[in-house]
Ligand code: NAD
Ligand code: MG
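Residue numbers (full-length UniProt numbering): 1 to 394.
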C-alpha cells in the first residue's frame with residue numbers, strides 16, 4: 001500500500017483507543033492520526049494530541065472544547081477541537097479519513113460508528129454494543145455504502161481469520177459446521193454460587209487475562225460480554241445462534257475456532273493482547289508488527305475447555321433469547337445491561353441483580369419490530385426507563 005492512511009480513533013482515551021495508538025505509533029510510514037476523541041480524562045487527551053498532532057480532537061461539550069482548544073493553542077498545536085455527537089460523526093465521516101477505529105463504549109458509539117459506515121469507510125469495530133443494538137440496519141448500511149467492516153473483538157477477529165475470504169456467500173456454502181466462540185469465564189468462573197451475592201466491583205474488574213475498560217470487565221464477569229459477542233457474531237458472519245457454541249477456555253490463548261464439515265477445526269492463537277487484532281485489522285490483508293510478544297507454547301503448557309454453566313451465568317441465556325426474539329430485544333438487552341452495570345459499579349445493586357434486572361426489563365415489554373434507527377433508540381430509551389423503575393423499586 002502506498003499512501004499513508006488517515007485514521008480517526010473514536011474513544012482514543014480508552015483501553016482499545018490507547019492500544020490502537022500504540023500500534024499506529026510503530027508505523028509512522030503507514031498511518032497518520034486524523035482525529036482523536038475522548039469523553040473524560042481530557043488531560044490525557046491533550047497529551048495524546050501533543051504526541052499524534054491530529055487535525056481534530058472531539059470532546060463532550062462546548063465548555064470542554066474551549067478549555068482543550070486553549071491549552072492546545074498554548075502548546076503551539078493547530079488541532080481544531082469539536083464537540084458532542086455532531087463532532088464525533090463529522091470526524092468519522094470526513095472525506096479525508098480512510099479508516100475509523102470505533103472504540104467508544106456502549107450505545108453512545110452507535111451514531112458515530114454508523115456515520116463512518118454510511119460514509120463507506122474502513123471501520124474497525126470494537127464498539128460491539130452498536131452492532132448488537134442495530135444489527136440488521138447496521139449490516140444493511142455496510143452493504144449499501146460498501147464500507148469495509150473488520151472485527152476488533154479478539155474472538156470475532158479470530159473467526160474472521162479462520163474463515164475463507166468468500167464467507168459472505170454463506171457459512172454453509174463455504175463448508176462451516178459451526179463457530180466455537182471462546183470465553184475465559186472471567187474472574188468468577190469458580191466462585192461458589194452463594195458467594196456471587198457479595199462480590200465487589202473491584203473483584204469484577206480484576207480480569208485474570210485481559211486488561212480492559214470497567215464496563216466490559218463487568219460484562220466479562222457476568223458473561224454478558226459473551227452474550228453480546230454471540231449476537232455480534234450472528235450479524236458479522238450471518239450465522240444463526242445455534243451455529244455458535246460458547247466454549248470456556250480459561251487460558252485465553254485460543255481466541256476462537258471454526259469447525260468445518262470435513263472435520264477440520266481452524267483456530268487463531270496468540271497472547272491475550274488487543275494489539276494483535278488491532279494490527280491485523282489496520283493492515284489487513286497485509287501483516288504488520290503489533291508489539292505483542294510471540295506466543296510461547298511451552299510457557300502456556302496446556303489448553304483447557306469446559307461448557308459454560310448457565311445457572312452461574314444467566315446473562316448468556318438472556319442474550320441468546322434476545323437474539324432469537326429479534327426486533328427490539330437486543331437493543332433492550334443492551335440498554336438494560338448498561339444501566340445495570342453502571343448501578344453495580346456505583347454499589348447500588350449486587351452483582352447477581354444485573355441479570356435479574358435485565359430479565360425483568362425484557363419481560364416488561366413485548367418485542368417490537370425495528371425498521372429504522374428511531375425504533376432502535378426508542379427501544380433503548382424504553383429499556384433505560386424500565387431499568388430505572390426497577391432500580392427505584394429495589
Ligand atoms: P474504555 O472505558 O477503556 O474506553 C471507552 C472510550 O469511550 C473512552 O475513550 C471514553 O472517553 C469514551 N466514551 C465513554 N463514554 C462516552 C460517551 N458517552 N460518548 C463518547 N465517548 C465516550 O473501554 P474499552 O475497554 O476501550 O472498550 C471500548 C469498546 O471496545 C467497548 O465497546 C468494548 O466492549 C470493546 N472491546 C474492548 C476490549 C478491551 O480489551 N478493552 C476488547 C474487545 C472489545
Ligand atoms: Mg471479546
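Ideal Cβ positions, reconstructed from N, Cα and C, are used throughout, including at glycine. These numbers were taken from a predicted model, which means no experiment stands behind them.
Legend entry - Test item: CB-CB of residue 123 and residue 35 under 9 Å: Here residue 123 is not near residue 35, since their CB atoms are 9 Å or more apart.
Legend entry - Exposure of residue 156, with buried meaning 16 or more beta-carbon neighbours within 10 Å: Looking at its Cβ environment, which holds 16 or more other Cβ atoms inside 10 Å, residue 156 is buried.
Inset, instruction - Sort 74, 136, 9, 84 by Cα distance to residue 326 and report the nearest one. - result: Among 74, 136, 9, 84, the Cα nearest to that of residue 326 belongs to 136.
Inset, instruction - Compare the beta carbon distance of residue 232 and residue 153 with 9 Å and say whether it is the shorter of the two. - result: Yes.
Inset, instruction - Using 10 angstroms around the beta-carbon of residue 382, count the other beta-carbons present and answer buried if the total reaches 16, otherwise exposed. - result: A residue is called buried once 16 or more other Cβ atoms fall within 10 Å of its Cβ, and residue 382 is buried on that count.
Legend entry - Same chain only: Cβ atoms within 6 Å of residue 221, ignoring 5 sequence neighbours per side: Cβ neighbours of residue 221 within its own chain (closer than 6 Å, five residues either side excluded): 186, 187, 188, 204.
Inset, instruction - Can you grab the Cα-Cα spacing for the pair residue 284 / residue 263, in whole Å? - result: Distance between the alpha carbons of residue 284 and residue 263 is about 28 Å.
Inset, instruction - Could you tell me how far apart the beta carbons of residue 310 and residue 317 are, in whole angstroms, since I believe they sit closer than 8 Å? - result: With a Cβ gap of about 5 Å, residue 310 and residue 317 count as contacting.
Legend entry - CB-CB length for residue 103 against residue 127, believed under 8 Å: Yes, residue 103 and residue 127 are in contact; Cβ-Cβ is about 6 Å, under 8 Å.
Inset, instruction - Name the two residues that bound the continuous alpha helix (DSSP H) containing residue 313. - result: Bounds of any alpha helix (DSSP H) do not take in residue 313, whose DSSP letter is neither H nor E.
Inset, instruction - Taking only the alpha-carbon atoms, compute the straight-line gap between residue 259 and residue 44 and give it to the nearest angstrom. - result: Going by the C-alpha atoms only, they are around 43 Å apart.
Legend entry - From 202, 171, 12, 192, residue whose alpha carbon lies closest to that of residue 346: Minimum Cα-Cα distance from residue 346 among the listed residues 202, 171, 12, 192 corresponds to 202.
Inset, instruction - Compute the minimum distance between the beta carbon of residue 29 and the heavy atoms of the ligand MG, and state whether it is under 8 Å. - result: Between the ligand MG and residue 29, a heavy atom-to-CB distance of less than 8 Å is absent.
Legend entry - residue 225 versus 344, 58, 182, 292, residue with shortest Cα-Cα distance: The candidate whose alpha carbon is nearest that of residue 225 is 182.
Inset, instruction - May I ask whether a heavy atom of the ligand NAD can be found less than 8 Å away from the beta carbon of residue 274? - result: Yes, the beta carbon of residue 274 sits closer than 8 Å to at least one heavy atom of the ligand NAD.
Inset, instruction - Please specify which runs of the alpha helix (DSSP H), each continuous and at least 4 residues long, are wholly inside the segment 154-179, giving them in chain order. - result: Entirely contained in the segment 154-179, the alpha helix (DSSP H) runs reaching 4 residues are, in chain order, 154-162.
Inset, instruction - Output the residue ranges of the beta strand (DSSP E) runs that lie fully inside the segment 198-276 and measure 3 residues or longer, sorted by chain position. - result: Qualifying beta strand (DSSP E) stretches, in chain order: 244-248, 254-260, 265-269.
Legend entry - residue 57 to residue 105 span [Cα, whole Å]: Taking the straight line joining both Cα atoms gives about 18 Å.
Inset, instruction - Please determine if the segment 249-258 and the segment 204-214 are in contact, where contact requires at least 3 C-beta pairs separated by less than 8 Å. - result: Segments in contact, yes.
Inset, instruction - Return the first residue and the last residue of the alpha helix (DSSP H) that residue 5 is part of. - result: First-last for residue 5: 5-10, but that is the beta strand (DSSP E), not the alpha helix (DSSP H).
Inset, instruction - Identify whether residue 338 lies in helix, strand or coil by the three-state DSSP scheme. - result: Per DSSP, reduced to three states, the secondary structure at residue 338 is helical.
Legend entry - 9 Å Cβ cutoff met for residue 279 and residue 4: In this structure, residue 4 does not lie closer than 9 Å to residue 279 by Cβ.
Inset, instruction - Output the boundary residues of the alpha helix (DSSP H) element that contains residue 112. - result: Per DSSP, residue 112 is one residue of the alpha helix (DSSP H) stretching across 110-118.
Legend entry - Three-state class that DSSP yields for residue 32 in the structure shown: If DSSP states are grouped into helix, strand and coil, residue 32 belongs with the strands.
Inset, instruction - Could you tell me which residues DSSP pairs with residue 150 in its beta bridges? - result: DSSP, once it has assigned bridges, lists 124 as partnering residue 150.
Legend entry - Cβ-based neighbour list, residue 376, same chain, cut-off 6 Å, excluding 5 preceding and 5 following: Excluding positions up to five away in sequence, the list reads 133, 134, 331, 370.
Inset, instruction - Along the alpha helix (DSSP H) that carries residue 375, what are the first and last residues, could you check? - result: Taken as a continuous stretch (DSSP letters only), the alpha helix (DSSP H) holding residue 375 covers 373-392.
Inset, instruction - Would you mind sorting residue 54 into buried or exposed? The rule is 16 or more other CB atoms within 10 Å of its CB. - result: Residue 54 comes out buried.
Inset, instruction - Give a yes or no on contact between the segment 62-74 and the segment 162-180, applying the rule of three or more CB pairs nearer than 8 Å. - result: A contact is defined here as three or more CB-CB pairs under 8 Å, and the segment 62-74 fails this definition with respect to the segment 162-180.
Inset, instruction - Please name the residue in 275, 165, 360 whose C-alpha comes closest to that of residue 314. - result: When each option's Cα is compared against that of residue 314, the closest is 360.
Inset, instruction - Thinking residue 379 and residue 357 are a contact (beta carbons under 8 Å), I'd like their distance in whole angstroms, please. - result: At roughly 16 Å, the Cβ-Cβ gap does not stay under 8 Å, so residue 379 and residue 357 are not in contact.
Inset, instruction - Would you kindly report the start and end of the unbroken beta strand (DSSP E) that includes residue 82? - result: It spans 80-83 - the beta strand (DSSP E) in which residue 82 sits, taken as one unbroken run.
Legend entry - Closer than 7 Å: residues whose CB approaches a heavy atom of the ligand MG: The set, ordered by position in the chain, is 153, 154, 155, 225, 229.
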